[in-house]
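So the protein lines, in turn, are chains A and B.
Residue numbering for the first sequence follows the numbering used here, beginning at 52 and increasing consecutively.
Residue numbering for the second sequence follows the numbering used here, beginning at 82 and increasing consecutively.
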Amino acid sequence: MRKIRLYISSGMVLRMILRKRIIPLLLIVIPSAFFYMVYLTTSERIMPFEVASIADKLILQVSERNSSFVFFAVATVGFLSSYIGLSLIQEMVDVNKRLIICGYHPIELMGSSFLVLLVVIIFVSTYISLSMLLFFTPVSFAGFFISMVMSGLTYGCYGLLIGSVFKGELEGILLIVLLANIDAGWLQNPLFYSGAQNKMIIQVLPAYYPSQMAIVSAFSSYSTTKILFGSIAYFCSFGALAATIYYQKMKKK
Amino acid sequence: MLKAENIKKSFGKKTVLNRINLDIGPAQLKAIVGENGAGKSTLVKIIVGYWKADEGKLSTKCSIGYCPQQTLVFKQLTIEENYRYFAAAYGLQPDERINQEHFNYLMKLFKFEQYKNQKVIQLSGGTIQKLNLALALIHQPNLLILDEPYNGFDWETYHSFWEFISLYKDIGNSVLLVSHLITDKSLFDRVYQLNNGKFDA
């Protein structure tokens with residue numbers, strides 16, 4: 052029965068998300084708008100930068116446009132996933148309480164939100180990775196795609212966490228925009244990172260591992276396994292924390 | 082069907098419910114009346130099992146259907162989808178014949194047939210309120226707990242509501258209605274007045 056309940060719940064949550072016209076629109080329009088903006092504003096000049104996560108000192112020579120595409124791809128998946136994660140929790144919290152009174156377990160509801168988030172992340176990651184091929188081909192397409200999924204999972208679980216902690220939509224969106232903007236949208240830019248003074252701070256932020264994985268897989272043939280584990284650890288921590296807080300808030304007391 | 086003895090609940094230093102006793106037998110219609118903040122919703126949440134009482138004993142020997150004060154339904158889903166979702170919560174298989182028949186019965190009872198595939202967000206306030214009530218009846222409970230159930234009902238719906246309650250009681254089920262205002266006390270087997278966390282004598 053639990054499997055059927057999870058299946059029904061996931062299906063219903065996915066329908067609700069897709070029926071909000073703004074969400075499918077955002078998922079299609081934002082990546083295209085960001086890429087177009089990058090295309091219009093960057094040049095083809097070659098910029099050297101150091102890759103932080105590789106033990107051997109690796110200096111890449113990449114065009115400003117291509118490095119910007121990769122950096123914006125990570126940030127876009129992060130922004131969208133965190134917003135979807137937040138919406139999945141915040142907008143349904145009251146009705147979900149009723150479902151819990153009727154018999155659903157809070158973790159089943161959180162589980163179905165996570166499954167829907169995963170579907171959305173895979174869709175956005177596929178869309179972005181394939182769009183990237185219009186501009187250049189990453190050295191490892193699979194590695195690049197996985198880095199998009201990791202960015203989505205890390206920031207998606209951050210959205211679930213913020214949604215579980217804060218009831219107000221405004222606080223939630225502010226906290227998402229604040230971190231996603233500073234981290235994925237600014238500090239993880241490889242060109243900024245190369246010249247940054249205190250790299251330790253940048254390395255502990257959530258988008259560090261997905262960004263590094265995207266850069267390494269897009270422009271080199273180095274292994275990204277170690278970076279992948281860092282990324283998995285980050286999203287698992289956010290996910291576990293979100294599930295714990297959600298359970299504590301929603302369980303029958 | 083339901084017996085609550087010496088129920089006590091506090092939030093911090095504030096005692097919201099103080100030694101509440103309540104007894105509901107088969108085919109009874111009872112009401113709890115009280116001002117805003119008297120503790121009605123707290124008592125309901127304890128009865129439906131969402132909160133635990135600090136002290137006291139609560140025993141239920143029946144299935145409970147709970148209709149909350151707010152219309153807690155999924156507005157982006159249709160009436161049928163809401164039904165399926167809540168049926169799953171009650172542990173029912175929505176596609177089983179017996180559940181499908183009950184769904185059709187509820188559709189007729191609340192005159193939902195023409196709206197069943199419409200998103201809730203497109204429905205009128207009264208229809209949404211009726212759906213709120215219908216979702217409490219999916220698992221055919223023996224005791225129905227209604228928290229301010231007729232907010233937003235028009236006159237016709239209000240009448241159909243009381244017709245339904247009478248029918249529901251006639252087949253041996255019970256109803257506990259919670260409201261800040263009861264107009265016709267003669268309809269009830271008993272009306273409890275909740276004041277500052279206590280029932281008035």
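For every residue, glycine included, the Cβ atom is placed at its ideal position computed from N, Cα and C.
query	result
Per-residue contacts from Leu214/B into chain A (C-beta, under 8 Å)	The premise fails here: Leu214/B is roughly 13 Å from chain A at the closest Cβ pair, so nothing lies under 8 Å.
Neighbour-count burial assignment, Tyr285/A, 16 or more Cβ in a 10 Å radius	buried
Residue environment, Ala235/A, which counts as buried when at least 16 other CB atoms sit within 10 Å	buried
Where Gln151/B falls, given that 16 or more other Cβ within 10 Å makes a residue buried	exposed
The region 58-68 of chain A / the region 162-178 of chain A touching (three or more Cβ pairs under 8 Å)	yes
Given 8 Å, three or more beta-carbon pairs between the region 117-131 of chain A and the region 261-270 of chain A	yes
Opposing strand residues paired with Gln195/B [DSSP bridges]	DSSP output for Gln195/B lists no bridge partner at all.
Bounding residues of the alpha helix (DSSP H) (the contiguous stretch that carries Thr205/A)	192-216
Test item: CB-CB of Ser182/A and Ser288/A under 9 Å	no
Buried versus exposed, by CB contacts within 10 Å (16 or more), Phe243/A	exposed
Distance, Leu57/A Cα to Leu160/A Cα	7 Å
In DSSP terms, what Met63/A is bridged to	Paired residue(s): none; Met63/A is not in a bridge.
Partners in chain B for Lys303/A, counting only beta-carbon separations shorter than 7 Å	Gly130, Tyr131
Three-state secondary structure assigned by DSSP to Gln112/A	strand
Residue closest to Val171/A, alpha-carbon to alpha-carbon, out of Ile74/A, Lys302/A, Met301/A, Ile278/A	Ile74/A
Same chain, Cβ closer than 6 Å to Tyr164/B, neighbours up to 5 away in sequence not counted	Phe184
Local conformation of Asp235/B per DSSP, three classes	coil
Residue(s) in a DSSP beta bridge with Thr96/B	Ser91/B
Ranges of the alpha helix (DSSP H) found wholly within the region 160-224 of chain B, counting only runs of at least 4	160-170, 178-190, 206-215
Chain-ordered chain A contacts of Tyr166/B [CB-CB under 8 Å]	Ile59, Ser60, Met63, Leu150
Beta-carbon contacts of Ser91/B that lie in its chain and below 7 Å, excluding the five residues immediately before and after	Val97, Asp135
is_contact[Phe234/B, chain A] using C-beta, thresh 9 Å	no
Identity of the residue in Val201/B, Glu194/B, Ile246/B, Ile226/B nearest Pro149/B by Cα	Ile226/B
Other residues of its chain near Glu101/A: CB distance less than 6 Å, five sequence neighbours each side excluded	Ile110, Ser245
Below-9 Å beta-carbon distance, Met201/A vs any chain B residue	no
Identified DSSP bridge partners for Lys111/B	Leu257/B, Arg271/B
Chain B within 9 Å of Val146/A, Cβ atoms only	yes
Any C-beta of chain B under 9 Å from that of Lys71/A	yes
CB contact below 9 Å: Met143/A versus chain B	yes
First through last residue of the alpha helix (DSSP H) which encompasses Cys143/B	Looking at the DSSP string, Cys143/B is not in any alpha helix (DSSP H), and its letter there is neither H nor E.
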